[in-house]
Structure formats: C-alpha cells, structure tokens
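Peer 1:
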Amino acid sequence: MNYYARVKKVNTEITEQVSTKLTSKPSKVFIAKDPERERERHPIFPIRSQRPVQTTPFSPQAMQNQEGLQVQVDGEVESGPAPSEPLSSLAAEYQSGSAILLEKIKVLGEQYAAIRRTRGDGNCFFRSFMFSYLEHILESQDVSEVDRIKANVEQCRKTLQSLGYADFTFEDFFSLFLEQLDSVLQGNEESISHDELILRSRDQSVSDYVVMFFRFVTSGEIRKRSEFFEPFILGLTNATVEQFCKSSVEPMGEESDHVHITALSDALGVPIRVVYLDRSSCDSGGVSVNHHDFVPAGNDLPNASDSPEKVSPFITLLYRPGHYDILYPK
Amino acid sequence: MQASRARLFKEYKEVQREKVADPDIQLVCDDSNIFKWTALIKGPSETPFEGGIFQLAFAVPEQYPLQPPQVRFLTKIFHPNVHFKTGEICLDILKNAWSPAWTLQSVCRAIIALMAHPEPDSPLNCDSGNLLRAGDIKGYHSMARMYTRLAAMPKKG
Numbered sequence: 001m002n003y004y005a006r007v008k009k010v011n012t013e014i015t016e017q018v019s020t021k022l023t024s025k026p027s028k029v030f031i032a033k034d035p036e037r038e039r040e041r042h043p044i045f046p047i048r049s050q051r052p053v054q055t056t057p058f059s060p061q062a063m064q065n066q067e068g069l070q071v072q073v074d075g076e077v078e079s080g081p082a083p084s085e086p087l088s089s090l091a092a093e094y095q096s097g098s099a100i101l102l103e104k105i106k107v108l109g110e111q112y113a114a115i116r117r118t119r120g121d122g123n124c125f126f127r128s129f130m131f132s133y134l135e136h137i138l139e140s141q142d143v144s145e146v147d148r149i150k151a152n153v154e155q156c157r158k159t160l161q162s163l164g165y166a167d168f169t170f171e172d173f174f175s176l177f178l179e180q181l182d183s184v185l186q187g188n189e190e191s192i193s194h195d196e197l198i199l200r201s202r203d204q205s206v207s208d209y210v211v212m213f214f215r216f217v218t219s220g221e222i223r224k225r226s227e228f229f230e231p232f233i234l235g236l237t238n239a240t241v242e243q244f245c246k247s248s249v250e251p252m253g254e255e256s257d258h259v260h261i262t263a264l265s266d267a268l269g270v271p272i273r274v275v276y277l278d279r280s281s282c283d284s285g286g287v288s289v290n291h292h293d294f295v296p297a298g299n300d301l302p303n304a305s306d307s308p309e310k311v312s313p314f315i316t317l318l319y320r321p322g323h324y325d326i327l328y329p330k
Numbered sequence: 001m002q003a004s005r006a007r008l009f010k011e012y013k014e015v016q017r018e019k020v021a022d023p024d025i026q027l028v029c030d031d032s033n034i035f036k037w038t039a040l041i042k043g044p045s046e047t048p049f050e051g052g053i054f055q056l057a058f059a060v061p062e063q064y065p066l067q068p069p070q071v072r073f074l075t076k077i078f079h080p081n082v083h084f085k086t087g088e089i090c091l092d093i094l095k096n097a098w099s100p101a102w103t104l105q106s107v108c109r110a111i112i113a114l115m116a117h118p119e120p121d122s123p124l125n126c127d128s129g130n131l132l133r134a135g136d137i138k139g140y141h142s143m144a145r146m147y148t149r150l151a152a153m154p155k156k157g
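In order, the protein sequences belong to chains F and B. Its first residue numbered 1, the first sequence is counted upward by one per residue in the UniProt record's numbering. Its first residue numbered 1, the second sequence is counted upward by one per residue in the UniProt record's numbering.
1) Does any C-beta atom of chain B lie closer than 9 Å to the C-beta of F/Gly-322?
2) Give the residues of chain F in contact with B/Arg-109, contact being defined as C-beta atoms less than 8 Å apart.
3) Using a cut-off of 9 Å between C-beta atoms, extract the partners of F/Tyr-165 located in chain B.
4) Which chain B residues are close to F/Phe-214, counting only those with a beta carbon under 7 Å from its beta carbon?
5) When the Cα of F/Phe-170 is compared with those of B/Pro-23, B/Lys-95, B/Pro-100, B/Gln-2, which residue comes out closest?
6) Pull up the CB-CB distance for B/Leu-74 and B/Ala-57, whole angstroms please, since I reckon it's below 8 Å.
7) Between F/Cys-245 and the rest of its own chain, which residues show a CB-CB distance below 7 Å, the 5 nearest in sequence each way excluded?
8) In three-state DSSP terms, what is residue 336 of chain F?
9) Please decide whether B/Asp-127 counts as near chain F, where near means a Cβ-Cβ distance under 9 Å.
10) State the DSSP-derived secondary structure class of F/Ser-280, mapped to helix, strand or coil.
11) Around the Cβ of B/Gly-52, are there at least 16 other Cβ atoms within 10 angstroms (buried) or fewer (exposed)?
12) Comparing C-alpha positions only, which one of B/Glu-11, B/Ile-25, B/Tyr-12, B/Leu-66 sits nearest to B/Pro-44?
13) So is B/Leu-66 in contact with chain F if we call contact Cβ pairs under 9 Å?
14) Starting from F/Glu-250, find everything on chain B with Cβ-Cβ shorter than 7 Å and list it in chain order.
15) Which residue comes first and which comes last in the beta strand (DSSP E) that contains F/Arg-116?
16) According to DSSP, which residues form a beta bridge with F/Ile-326?
17) Looking only at its own chain, which residues have a Cβ that is under 8 Å from the Cβ of F/Val-18, when we skip the five neighbours before and after it?
18) Comparing the C-beta of F/Thr-240 with each C-beta of chain A, is any distance below 9 Å?
19) Taking DSSP as the reference, what is the three-state secondary structure of B/Arg-72?
20) Short of 8 Å in beta carbon distance, which residues of its chain neighbour F/Leu-181, apart from the five on each side in sequence? Order them along the chain.
21) Would you check if there are 3 or more beta carbon pairs closer than 8 Å linking the segment 244-258 of chain F to the segment 200-217 of chain F?
22) Going along chain F, which residues have a C-beta under 7 Å from B/Ala-3?
23) Comparing C-alpha positions only, which one of F/Tyr-328, F/Asp-195, F/Leu-108, F/Arg-202 sits nearest to F/Tyr-276?
24) Between the segment 80-93 of chain B and the segment 102-121 of chain B, are three or more C-beta pairs nearer than 8 Å?
25) Taking its Cβ as the centre, do 16 or more other Cβ atoms sit within 10 Å of F/Glu-93, making it buried, or is it exposed?
26) Using a cut-off of 8 Å between C-beta atoms, extract the partners of F/Thr-316 located in chain B.
27) Comparing alpha-carbon positions, which option in F/Ser-312, F/Pro-313, F/Leu-327 lies nearest F/Tyr-319?
28) Does the CB of residue 161 of chain B have a neighbour CB from chain F at under 9 Å?
29) May I have the straight-line CA-CA distance separating B/Asn-130 from F/Ile-100, to the nearest angstrom?
30) On the DSSP bridge assignment, give the partners of B/Ala-57 in chain order.
31) Counting contacts by CB-CB distance shorter than 9 Å, is F/Asp-293 in contact with chain B?
32) In angstroms, rounded to a whole number, what distance separates the CA positions of B/Lys-42 and B/Leu-66?
33) Helix, strand or coil for B/Ile-77 per DSSP?
34) Report back the beta-carbon spacing between F/Val-270 and F/Ile-315 to the nearest angstrom; my notes put them in contact at under 8 Å.
35) Under 9 Å, CB to CB, which of the residues in the segment 97-108 of chain F have a partner in chain B?
36) Check for me: the alpha helix (DSSP H) holding F/Val-143 runs from which residue to which?
What follows is the structure in structure tokens.
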C-alpha cells in the first residue's frame with residue numbers, strides 16, 4: 001500500500017473514531033484515554049491566567065524593596081488604563097521611599113500634571129502607546145495624522161507580506177486597529193467619546209488585539225531592518241534577530257525594551273518621549289529627570305543634532321524599571 | 001469567539017489550498033466543530049519515526065489565536081518531549097512562546113521538527129530523555145523504532 005492510500009485508510013479510521021468520540025477501542029492506532037479526563041488529571045496546557053485581583057489595600061511599605069522602586073501592579077482586572085491621577089498620587093507611593101525619587105517626582109511635577117496607569121502584564125508599553133495615541137487623535141481630530149499613519153500601516157502590511165507572513169495571521173489585528181482609528185475621529189456613525197475610548201481600551205478583546213497589531217508591526221520593522229537592529233539585540237540576548245522576534249516581540253506579555261520602542265516608533269512614524277524615573281543621580285547636586293525622545297528614523301535630518309529639537313512627541317510615557325505608564329504634560 | 005471562528009475558517013481554506021504543497025501533513029477539521037481538528041503527520045526521514053504516521057488532536061480555545069491550541073499525540077510515541085501516556089507535547093510555542101503568527105499548519109511543522117530534534121534536557125518522558133542524555137543513542141533509537149512500528153505503522157498482512 002503506498003503512502004497516500006495508507007494515509008487515506010488511517011484517516012477514515014480516525015474520522016470514525018472522532019465521530020464516536022473516541023469511546024471505541026481502535027484496532028490499529030494507540031489512542032490515549034478519554035481526552036477530557038486526561039486533561040483534568042494532567043493540567044498540561046497552561047491557561048493564560050488573568051492576574052489575580054488584589055484585595056489588600058496599597059501599602060507604601062510594600063514598595064520598600066531593595067531597589068526602592070518596585071512598581072505596584074495595579075489590582076484591576078481590566079486590561080486598559082485607569083482614570084488619570086494627579087502626579088501627587090505618584091509621590092504618595094514613595095512617601096517613605098528614596099529621597100532621590102521624591103525629589104525627581106517633584107521635578108516631574110513642574111512639567112507634568114497627571115499620570116494614567118496601565119496594567120502591568122508585560123504589554124504595558126503597547127497598551128500605554130495605544131491609549132495615548134488614540135486619545136491624542138480623539139482630542140486633536142488631526143485628520144492628516146490619521147491619513148499619515150494609515151499610509152504607514154499599509155507599509156507595515158507590505159513588510160509582513162514580504163517577510164512571508166500569511167495575510168490571515170495578521171489581518172484581523174490590522175483591521176481592528178484601523179477601526180479604532182476611524183472611531184476616534186468624530187463625525188461618522190462609529191465615532192466614540194473619551195469615556196467610550198476608556199471603556200473600549202479596558203475591553204480585553206479590543207485591547208489585546210491592538211497590542212497584537214503593534215507586536216506584528218514591531219516584529220516586521222525589526223526583521224525588515226535586521227542589520228540595523230542586530231547589534232542592539234545582541235546586546236540584550238544571545239538570540240538572532242529572527243529568534244528575538246519570535247520569542248520576545250510576537251508573544252503576548254513579553255516586555256518591551258528600547259528595541260521595541262524604536263521599531264514601533266519608526267514603523268508608524270510616531271515620535272515617543274520616555275521619561276525615566278529611577279534612582280540614578282548625578283554628583284553635581286541638582287536632581288534632574290532624564291528623558292529620551294524616540295524620533296522616527298524617517299524624520300531624521302542630515303544634521304541629526306538639531307532634529308530632535310524640532311519634533312515634539314505628543315506621546316509621553318513614564319518608565320519605572322519594569323513598567324510604563326502615561327504622563328500628561330501641563 | 002466570533003474572531004476565533006473567523007480565523008479558523010481562514011485557516012481551513014488555507015489548508016485546502018496547501019494540501020498538495022505539504023505532503024507530510026494532513027490537517028482535518030472536525031465535521032461539526034471547527035474548534036476540533038486532527039492531523040496526520042509523517043514521521044521525518046532518518047529518524048526512528050520514519051515511515052510512521054502519527055495522529056495529533058487539536059483543541060482550539062475560544063481565545064484563539066491569542067492563545068495557543070492544545071495539541072497532543074493520539075498515536076503512542078517514544079520521544080523525550082512527549083508524555084508517554086497522555087501524548088502531551090512540551091514545546092515552547094504551545095506555551096509561553098505562542099503568538100498568532102503561528103497557524104495550526106505551522107504548529108504541525110514545528111512538531112515534525114521536534115520529532116527530528118528532541119530536547120532531552122526538558123523531558124516529559126524521562127526514560128526516553130535519560131537514554132539520550134546518557135548517550136545511549138542506540139537504545140533510544142530502538143525503543144522509538146519499536147513504538148513507531150507498533151503504533152504508527154499499519155500492520156502487515
């Protein structure tokens with residue numbers, strides 16, 4: 001019997017077995033026992049668990065670990081952002097913590113009015129970016145920016161196609177993001193308000209799909225410009241560019257680093273400011289808060305030293321080791 | 001739920017188109033339930049699984065493709081990364097390294113690759129893993145071969 005005939009034969013046997021719900025003992029193929037019961041006994045496949053809801057009230061003492069900067073993971077089940085809070089709530093977190101941090105928060109307060117926290121599940125950079133960007137469009141009603149990013153999104157689609165990704169693996173994520181873009185522009189049937197944007201960003205099915213859209217875009221950009229990103233990736237891990245994308249960019253819950261932010265900013269053409277709140281300080285006395293502007297590569301003028309001054313990012317994120325939140329300038 | 005159904009339907013159509021392209025994999029969707037699939041994969045050549053046909057069962061969660069499908073061997077197999085009794089497969093992409101860029105078809109390909117390249121350092125079948133770790137390639141091959149013949153090849157006559 002040749003291979004195909006054999007496959008066909010085994011296949012018909014299987015169809016019969018499946019149709020009888022694997023209750024009958026097959027004669028030619030070993031079959032594990034009742035699959036459902038087996039799975040109960042051996043919880044083989046980890047179900048991605050929702051983070052447990054934290055019931056204990058927040059205590060500043062809990063923050064007092066060695067680093068003095070353990071980010072409190074918020075207790076919300078929603079995946080989206082919390083309501084914005086005045087910057088003083090940030091200071092309250094570190095009340096009995098490091099003096100440098102308190103000093104830095106005071107400095108931050110001169111420029112920034114509020115903070116909006118995002119869920120700390122490894123997707124916080126992408127979730128912060130998503131909310132911040134959509135909120136900016138909602139408030140500015142900047143149609144030309146929407147047209148511009150849509151052109152970039154199309155470019156990203158082509159990038160993924162040329163890298164060999166099958167359309168059906170990413171198109172659902174792309175169309176959900178484009179849907180969100182249209183709905184924050186007012187004046188059409190799908191338009192949504194700011195409150196609805198918050199609700200929608202907390203809807204895990206929407207939020208996760210948009211995060212996944214960003215992950216595809218980021219991965220595509222890194223692989224497209226692998227020569228550029230390779231040295232940075234080698235600095236982080238021992239992986240090749242492809243391995244890095246497969247293991248640290250595409251899977252949900254993998255945290256973002258400079259490489260991710262650079263790639264996403266470049267791919268979508270959106271500048272991002274990241275403000276760093278850590279315990280580093282300089283000896284010269286006065287405390288200052290560092291920030292870094294990620295300016296899309298396309299925008300770089302030949303005299304690179306001048307160009308960052310000209311672009312003012314409308315997305316500002318606060319980075320504390322291991323977590324990103326959204327910052328609102330005064 | 002709706003999203004996963006739509007995605008699976010696209011995969012179904014893709015599988016129909018690709019059928020000829022990959023003769024090592026036959027992926028079949030359950031007639032009445034698009035969340036249940038079975039696959040027949042050909043044991044890779046130059047391995048003890050050569051000539052065998054192995055059956056995999058896929059249970060696709062509602063959150064697919066954000067969450068990975070649950071896959072196990074229905075055909076008995078002697079392999080360090082497959083549980084001898086349950087058929088559970090230890091493969092990173094079926095756990096924390098999963099991403100929606102994978103498809104049911106590409107998962108099959110990854111499993112075929114795992115059959116050819118066992119990772120004895122993270123064994124689900126310790127007997128099998130220990131043979132390889134002890135360097136007893138001959139022992140591993142003959143055990144794996146025996147089970148391939150017993151379970152994955154049609155009986156003669």
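Built from N, CA and C at the ideal position, the CB exists for glycine as well.
Peer 2: With the structure as the only source:
1) Output row for F/Gly-322: interface = no.
2) Correct list: empty, because the minimum Cβ distance to chain F is about 13 Å.
3) Within 9 Å Cβ-Cβ: Ala-101.
4) Residues of chain B passing the Cβ test: none, with the nearest at roughly 12 Å.
5) Looking at B/Pro-23, B/Lys-95, B/Pro-100, B/Gln-2, the one whose alpha-carbon comes closest to that of F/Phe-170 is B/Pro-100.
6) For a cut-off of 8 Å, the C-beta gap from B/Leu-74 to B/Ala-57 is around 5 Å, short enough to register as a contact.
7) Excluding positions up to five away in sequence, the list reads Ser-219, Ile-222, Arg-223.
8) As displayed, chain F neither begins before 1 nor continues past 330, which places residue 336 of chain F out of reach and without an answer.
9) No - not a single Cβ of chain F is within 9 Å of the one on B/Asp-127.
10) Three-state DSSP puts F/Ser-280 in coil, outside helix and strand.
11) Classification for B/Gly-52: buried.
12) Relative to the Cα of B/Pro-44, the nearest Cα in the group B/Glu-11, B/Ile-25, B/Tyr-12, B/Leu-66 belongs to B/Ile-25.
13) It does; some Cβ of chain F falls within 9 Å.
14) Ser-99, Ala-101, listed in chain order.
15) First-last of the beta strand (DSSP E) with F/Arg-116: 112-116.
16) F/Ile-326 pairs with F/Arg-116, F/Leu-317.
17) Note that F/Val-18 scores 44 on pLDDT, short of 50, meaning its location in the model is unreliable; the coordinates nonetheless yield the value given after this. Residues of the same chain with their beta carbon placed closer than 8 Å to that of F/Val-18 are lacking, with the five preceding and five following residues left out of the count.
18) This model lacks chain A altogether, as its protein chains are F and B.
19) In this structure, B/Arg-72 counts as strand in the three-state DSSP scheme.
20) Same-chain partners within the cutoff: Leu-134, Ile-137, Val-146, Ile-149, Lys-150.
21) Cβ pair count under 8 Å is three or more, so yes.
22) Going along chain F in sequence order, the residues near B/Ala-3 (Cβ under 7 Å) are Asp-172.
23) Comparing C-alpha distances from F/Tyr-276 to each of F/Tyr-328, F/Asp-195, F/Leu-108, F/Arg-202 shows the shortest one belongs to F/Leu-108.
24) The segment 80-93 of chain B makes contact with the segment 102-121 of chain B; the number of CB pairs closer than 8 Å reaches 3 or more.
25) So F/Glu-93 ends up on the buried side.
26) Within 8 Å Cβ-Cβ: nothing; F/Thr-316 doesn't reach chain B, min ~29 Å.
27) Of the listed residues, the one whose Cα sits closest to F/Tyr-319 is F/Leu-327.
28) Because residue 161 of chain B is not part of the residues shown, which for chain B are 1 to 157, the question remains open.
29) Roughly 53 Å separates the two Cα atoms.
30) Residue pairing by DSSP puts B/Ala-57 in a beta bridge opposite B/Thr-38, B/Arg-72.
31) No, F/Asp-293 does not count as interfacial toward chain B.
32) Approximately 28 Å between the Cα atoms of the pair.
33) For B/Ile-77, the three-state secondary structure derived from DSSP is coil.
34) Indeed, because the Cβ distance is near 7 Å, the residues count as touching under 8 Å.
35) If the cut-off is 9 Å between Cβ atoms, the segment 97-108 of chain F has nothing near chain B.
36) Judged by DSSP secondary structure, F/Val-143 falls within the alpha helix (DSSP H) whose first and last residues are 143-162.
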